[in-house]
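S.K.:
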Amino acid sequence: MRRDKKNSIADSSLTREENSDDIEQFRERMLSVLNKYPSYNTTFTLERWLRSYNNDIEEAAKRMTRALQNIHILNACMDYDNAESLNDFLHTLNRAAEYFPGGIMGPDKHGNIILVQPMGRARPKTMMRLGRVSDLYRAAITEAEACMYFLRKEEAVRGCQLSIIFISDLAELSLETIYMPAMKAYMDVLKILQRLIENVEFLGSDWKQQLRDELGEENIFKYWGGTKEAPKESGTIRMGGEVPDSLREEILKTLKFIPDDQLIKTTILAGGLLKIPVHVLQSNSLLQWYFTVSDGDIDFKITYGEEEEEIWPHFRLSTEFVPEYGELICHQKGTYILHFYSPAKLFNKIVAYNISVKDP
Numbered sequence: 001m002r003r004d005k006k007n008s009i010a011d012s013s014l015t016r017e018e019n020s021d022d023i024e025q026f027r028e029r030m031l032s033v034l035n036k037y038p039s040y041n042t043t044f045t046l047e048r049w050l051r052s053y054n055n056d057i058e059e060a061a062k063r064m065t066r067a068l069q070n071i072h073i074l075n076a077c078m079d080y081d082n083a084e085s086l087n088d089f090l091h092t093l094n095r096a097a098e099y100f101p102g103g104i105m106g107p108d109k110h111g112n113i114i115l116v117q118p119m120g121r122a123r124p125k126t127m128m129r130l131g132r133v134s135d136l137y138r139a140a141i142t143e144a145e146a147c148m149y150f151l152r153k154e155e156a157v158r159g160c161q162l163s164i165i166f167i168s169d170l171a172e173l174s175l176e177t178i179y180m181p182a183m184k185a186y187m188d189v190l191k192i193l194q195r196l197i198e199n200v201e202f203l204g205s206d207w208k209q210q211l212r213d214e215l216g217e218e219n220i221f222k223y224w225g226g227t228k229e230a231p232k233e234s235g236t237i238r239m240g241g242e243v244p245d246s247l248r249e250e251i252l253k254t255l256k257f258i259p260d261d262q263l264i265k266t267t268i269l270a271g272g273l274l275k276i277p278v279h280v281l282q283s284n285s286l287l288q289w290y291f292t293v294s295d296g297d298i299d300f301k302i303t304y305g306e307e308e309e310e311i312w313p314h315f316r317l318s319t320e321f322v323p324e325y326g327e328l329i330c331h332q333k334g335t336y337i338l339h340f341y342s343p344a345k346l347f348n349k350i351v352a353y354n355i356s357v358k359d360p
């Protein structure tokens, strides 16, 4: 028995040493990227990425590089003072953001970050008409990144690897919540969050006591059975619910719509790809795009140059409720390519678009 225990200790020590070597190799592989985004250059962050891809350094490097580039493109890489400042930023993306349920409660008694989503109070039938699908993605990515920002801060203080605790509150769940045309977009949002979730536990009628025991009552807002002080019982958590008619009307007036006679229409075959090159003659010009899809959704991204460097993230988008539009500053002159890919297997799609470049 004593020999087995010694062997176990030796094996454990060897595993830690191998893991440390992998992390250092990964850090070296990612050095040029980490120099651009130094806050991600922590042992715990790198270990998380390696573990997510079974210690495959090349795959983890490819995924992490793309993720950091996309976070930067979407302006989601920010230093937040607190959860309130995150909510303030989300409000700049969409004035109805406070009705998109979710939010960061803060650290639990161990330092893990608590993320809450009162999905039962979601009103997707209303929300999908008040903003672009890309706004929904941006909000989800921004909140996920904010979680990781607070997590890295706690890890730096405590000197140990921590986790995200995701609480999905299904109270008030109804047919209004399960609105099928919007479910696809919401499922895509959950895919963005899924790597934050490693274990799922369903709580019974004593859920408040279980939360107090697991997280510490002083870390839980009163709405969920804790004693954490805040101006509202639900604290910084956005509680969803119905958007007031007055706000809804104001937002609808701000949405962009371009008449059909100003749009170019192109048919994309099932599984087909449309590339639209745009030649920008001056650096710092403003590239603007607008499009609708006849049916279903379309994969969209923007690249630059012959190497097709991705400068606008690949999103699967629907325009059933609101057209997709956006803009970005072209820091370099050259050729920018807008990519439209149809994920359909049987039917063609018609994309109607308007693209313009404004000189600096």
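For the sequence shown, the positions run 1 to 360 when UniProt numbering is used. By construction, the Cβ of each residue, glycine as well, lies at the ideal position given by its N, Cα and C atoms.
(1) Expressed to the nearest angstrom, what Euclidean distance is found between the alpha-carbon atoms of K153 and V116?
(2) If you check the beta carbons only, do A270 and L346 fall under 7 Å apart?
(3) Which residues does DSSP pair with E324 in a beta bridge?
(4) Which of the three DSSP states, helix, strand or coil, is assigned to K275?
(5) Apart from the five residues just before and just after Y341, which ones in its own chain have a Cβ nearer than 6 Å to its Cβ?
(6) Would you kindly report the start and end of the unbroken alpha helix (DSSP H) that includes K253?
(7) With distances taken from CA atoms, which of A60, R129, Y53 and I264 is nearest V243?
(8) Let me confirm a value: H123 is counted as buried when at least 16 other C-beta atoms fall within 10 Å, else exposed. Which label applies?
(9) So for S32, helix, strand or coil by DSSP?
(10) Classify I329 as buried or exposed, calling it buried when 16 or more other Cβ atoms lie within 10 Å of its own Cβ.
(11) Quick one: measure Cβ to Cβ for R138 and I251, integer angstroms, because I've assumed they're closer than 8 Å.
(12) Does DSSP put E163 in a helix, a strand or coil?
(13) In terms of residue numbering, what span does the beta strand (DSSP E) encompassing H72 cover?
(14) Just the Cα atoms here: how many angstroms apart are R66 and E58?
(15) Return helix, strand or coil for G235, following the three-state DSSP convention.
(16) Excluding the 5 residues flanking S285 on each side, which residues of the same chain have their C-beta closer than 7 Å to its C-beta?
(17) Should C147 be labelled buried (16 or more other beta-carbon atoms within 10 Å of its own) or exposed?
(18) Output the residue ranges of the beta strand (DSSP E) runs that lie fully inside the segment 83-150 and measure 3 residues or longer, sorted by chain position.
(19) Once DSSP output is grouped into helix, strand and coil, what is the label at T45?
(20) Taking the Cβ atom as the reference point for each residue, do L46 and R27 lie within a distance shorter than 7 Å?
(21) Just the C-alpha distance for G111 and I71, rounded to the nearest angstrom, thanks.
(22) By Cβ distance, which residues of its chain are closer than 7 Å to M64, with the 5 residues on each side in sequence left out?
(23) What does the alpha-carbon distance come out to for the pair A352 and R316?
(24) Could you give the DSSP three-state label for D11: helix, strand or coil?
M.R.: Looking at the atomic coordinates:
(1) Walking along the sequence shown from the start, residue 153 turns up at place 153. Walking along the sequence shown from the start, residue 116 turns up at place 116. If you take the alpha carbons of K153 and V116, they lie about 19 Å apart.
(2) Reading the sequence shown from its first residue, position 270 is the one you call residue 270. Reading the sequence shown from its first residue, position 346 is the one you call residue 346. Result yes, Cβ atoms of A270 and L346 sit closer than 7 Å.
(3) Within the sequence shown, residue 324 is the residue found at index 324, counting from 1. For E324, the beta-bridge partners assigned by DSSP are F291.
(4) In the sequence shown, residue 275 corresponds to position 275, counting from 1. Under the three-state reduction of DSSP, K275 is assigned to strand.
(5) Counted from its first residue, the sequence shown places residue 341 at position 341. The residues are L273 and D299.
(6) Residue mapping note: residue 253 aligns to position 253 of the sequence shown, counting from 1. Run containing K253: D245 to T254, per the alpha helix (DSSP H) assignment.
(7) For the purposes of this step, residue 243 is identified with residue 243 of the sequence shown, where counting begins at 1. Check the Cα spacing between V243 and each of A60, R129, Y53 and I264: the tightest is with R129.
(8) If you number the sequence shown from 1, residue 123 lands on position 123. Going by the sequence as given, residue 123 is Arg instead of His. Around the beta carbon of R123, 16 or more other beta carbons sit within 10 angstroms, so the residue counts as buried.
(9) Here residue 32 refers to the residue found at position 32 when the sequence shown is read from its first residue. DSSP places S32 in the helix class (H, G or I) of the three-state scheme.
(10) As a working note, residue 329 is residue 329 in the sequence shown. Burial call: exposed.
(11) The residue given as residue 138 occupies position 138 in the sequence shown. The residue given as residue 251 occupies position 251 in the sequence shown. Your pair R138 and I251 does not check out as a contact, with CB atoms roughly 16 Å apart and the cut at 8 Å.
(12) Here residue 163 refers to the residue found at position 163 of the sequence shown. In the sequence under discussion, the amino acid at residue 163 is Ser, which differs from the Glu named in the question. Under the three-state reduction of DSSP, S163 is assigned to coil, being neither helix nor strand.
(13) Here residue 72 corresponds to residue number 72 of the sequence shown, with the count starting at 1. It is not in any beta strand (DSSP E) - H72 instead sits in the alpha helix (DSSP H) that spans I57 to I73.
(14) In the sequence shown, counting from the first residue as 1, residue 66 sits at position 66. In the sequence shown, counting from the first residue as 1, residue 58 sits at position 58. R66 and E58: Cα-Cα distance of roughly 12 Å.
(15) Within the sequence shown, residue 235 is the residue found at index 235, counting from 1. Looking at G235 - three-state DSSP - the assignment turns out to be coil, as it is neither helix nor strand.
(16) As a working note, residue 285 is residue 285 in the sequence shown. Scanning its chain for C-beta atoms nearer than 7 Å, with the 5 sequence neighbours on each side dropped, one finds around S285 the residues C330, V357, K358, D359 and P360, in chain order.
(17) As a position in the sequence shown, residue 147 is number 147, starting the count at 1. Of the residues assessed, C147 falls on the buried side of the cut-off, its CB having 16 or more other CB atoms within 10 angstroms.
(18) Within the segment 83-150, the complete beta strand (DSSP E) runs of at least 3 residues are 103-107 and 113-117.
(19) Indexing the sequence shown from 1 puts residue 45 at position 45. Under the three-state reduction of DSSP output, T45 falls in the helix class.
(20) On the sequence shown, residue 46 is found 46 positions in, with the first residue counted as 1. On the sequence shown, residue 27 is found 27 positions in, with the first residue counted as 1. Result yes, Cβ atoms of L46 and R27 sit closer than 7 Å.
(21) For the purposes of this step, residue 111 is taken as the residue at position 111 of the sequence shown. For the purposes of this step, residue 71 is taken as the residue at position 71 of the sequence shown. Linking G111 to I71 through their CA atoms gives a straight-line distance of about 24 Å.
(22) Counting from 1 along the sequence shown, the entry for residue 64 is found at position 64. Only residues of its own chain outside the window of five on either side were considered, and among them M30 and W49 have a CB closer than 7 Å to the CB of M64, listed in chain order.
(23) The sequence position of residue 352 within the sequence shown is 352, counting from 1. The sequence position of residue 316 within the sequence shown is 316, counting from 1. In this model, A352 and R316 are separated by some 16 Å (Cα to Cα).
(24) Taking the first residue of the sequence shown as position 1, residue 11 is located at position 11. Reliability fails at D11, whose pLDDT of 43 lies under 50, so the model's placement of it is uncertain and the value that follows must be treated cautiously. Per DSSP, reduced to three states, the secondary structure at D11 is helical.
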